[in-house]
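A.B. asks:
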Amino acid sequence: MSISVVPTVPRVIRPIGAILVDAGRLSREDVERILNAQKQRGLKFGELAIQMGLLTADDVQYALAEQFSFPYLNPGSEGRQISRELEAAFEPYSPAAERLRSVRSQLLLRWYNKGERRQVLSVVGTQRREGRTYLAANLAVVFAQLGERTLLIDANFRSPRLHDLFSLQNRSGLSTLLSGRSGHDAIVHITELAGLFVLPSGPVPPNPLELLGQPAFTDLLMHARNSFDLVLIDTPGASEGDDALMVTVQAGAALAVARNGHTRVNALRGLVEGLGQVGVEVVGTVLNEVPRRKKAEG
Numbered sequence: 462m463s464i465s466v467v468p469t470v471p472r473v474i475r476p477i478g479a480i481l482v483d484a485g486r487l488s489r490e491d492v493e494r495i496l497n498a499q500k501q502r503g504l505k506f507g508e509l510a511i512q513m514g515l516l517t518a519d520d521v522q523y524a525l526a527e528q529f530s531f532p533y534l535n536p537g538s539e540g541r542q543i544s545r546e547l548e549a550a551f552e553p554y555s556p557a558a559e560r561l562r563s564v565r566s567q568l569l570l571r572w573y574n575k576g577e578r579r580q581v582l583s584v585v586g587t588q589r590r591e592g593r594t595y596l597a598a599n600l601a602v603v604f605a606q607l608g609e610r611t612l613l614i615d616a617n618f619r620s621p622r623l624h625d626l627f628s629l630q631n632r633s634g635l636s637t638l639l640s641g642r643s644g645h646d647a648i649v650h651i652t653e654l655a656g657l658f659v660l661p662s663g664p665v666p667p668n669p670l671e672l673l674g675q676p677a678f679t680d681l682l683m684h685a686r687n688s689f690d691l692v693l694i695d696t697p698g699a700s701e702g703d704d705a706l707m708v709t710v711q712a713g714a715a716l717a718v719a720r721n722g723h724t725r726v727n728a729l730r731g732l733v734e735g736l737g738q739v740g741v742e743v744v745g746t747v748l749n750e751v752p753r754r755k756k757a758e759g
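Count along the sequence shown from 1, add 461, and you get the number used in my numbering.
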């Protein structure tokens, strides 16, 4: 028996200078100046460029993110005007982003397992303005940054906001898909963030609960499990109707959200207990602080 070994081809890591030249943040002449200074002073390229006043710390972080395939957004970039409320996308090294990655780590350790089909998670809460939309959207970003093919669904027909955060037209989405007026092409690839896909709410229907109870929603989640690594679902507050319950029972798992100084403890306890009684696995609770730029309404 003969065994042939096929060598793996290492990924080519582009130099920081080349990345920044292509991005228009540095000229080729400046790259030469930095390299010449490097020979004399022995400092790292980025550190030296900052000292020379040719780059900012943000420029260096951008180049490092490109080197390690870690997508994030430049606030001044052209194209889709994604909301700055997506802090994990715009400020990936901020304390807020670190907290979001901590939540991601707990989900990876305690719940997520694609092989066991534990990959659909509903983000739930008791009422409006608890920050569910903020949390669901930012969690989707940090999972996409990890390389997971992530689908974010807006099932909040009471006050949908994901289309605003991602600057989507919202003429088609979950409502048109469930009513048979569109197909899976309603799912939008957020190309600026690589593995992130969003299914906006679509036009707000007059009968949200009945629509979410259609077999088409079950079919959608089955398709999503087969096509994506992770599915996150934004829902309305439990006090607004049984929409969130309908969605979450089909998802099978929930992440509960409370807002400091806003959510009533008894209401949250009742929500968690009620979900457990219908077989939903509540994988954790997040005490959410509303972002400083804009009050989260999700």
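Cβ atoms here follow ideal geometry from the backbone N, Cα and C, with glycine treated the same way. It should be emphasised that the depicted structure is a prediction, and the values quoted were computed from it without experimental measurement.
Note down the Cα distance separating P669 from P621, rounded to an integer number of angstroms.
C.D. replies: The straight-line gap from Cα to Cα measures roughly 12 Å.
A.B. asks: Suppose only complete runs of 4+ residues qualify. What are the alpha helix (DSSP H) ranges in the region 665-697, listed by chain order?
C.D. replies: Those alpha helix (DSSP H) runs which fall completely within the region 665-697 and span 4+ residues are 669-673 and 676-688.
A.B. asks: Report yes if the CB atom of V585 is closer than 8 Å to the CB atom of L596, and no otherwise.
C.D. replies: In this structure, L596 does not lie closer than 8 Å to V585 by Cβ.
A.B. asks: Could you check which residue in H684, L654, V733 and L547 has the C-alpha nearest to that of G608?
C.D. replies: Nearest of H684, L654, V733 and L547 to G608, Cα basis: L654.
A.B. asks: Checking 8 Å against the spacing of the C-beta atoms, do T587 and L691 come in under that value?
C.D. replies: It is not a contact, given that the beta carbons lie outside the stated cut-off.
A.B. asks: Please classify N599 as buried or exposed, where buried requires at least 16 neighbouring CB atoms within 10 angstroms.
C.D. replies: Buried is the call here.
A.B. asks: Could you give the first and the last residue of the continuous beta strand (DSSP E) run that contains A714?
C.D. replies: A714 to R720 is the span of the beta strand (DSSP E), which, as asked, contains A714.
A.B. asks: Could you check how far apart the C-beta atoms of L672 and S640 are, in whole angstroms? I think they sit under 8 Å.
C.D. replies: Confirmed, about 7 Å.
A.B. asks: Of all the beta strand (DSSP E) runs that stay within the bounds of the region 602-678, which reach a length of 3 or more residues?
C.D. replies: With a minimum length of 3 residues, the continuous beta strand (DSSP E) runs that stay inside the region 602-678 are 611-615, 649-651 and 657-660.
A.B. asks: Using alpha carbons as the reference points, say which of T517, S633 and G745 lies closest to G644.
C.D. replies: Looking at the Cα atoms, S633 is the closest of the given residues.
A.B. asks: Do the region 706-723 and the region 734-751 touch if we need at least three Cβ pairs shorter than 8 Å?
C.D. replies: Segments in contact, yes.
A.B. asks: Hey, would you say V581 sits closer than 8 Å to R720, going by beta carbons?
C.D. replies: Contact: no.
A.B. asks: Excluding sequence positions up to five away, which residues of its chain have a Cβ less than 7 Å from the Cβ of Q675?
C.D. replies: Taken in chain order, the residues that qualify are L639.
A.B. asks: Quick check: the Cα distance between G478 and A557, rounded to an integer number of angstroms?
C.D. replies: Between G478 and A557, the C-alpha separation is close to 29 Å.
A.B. asks: So, helix, strand or coil for V521, using DSSP?
C.D. replies: Correct three-state label for V521: helix.
A.B. asks: Per DSSP, what kind of secondary structure is R579 in: helix, strand or coil?
C.D. replies: R579: strand per DSSP, three-state reduction.
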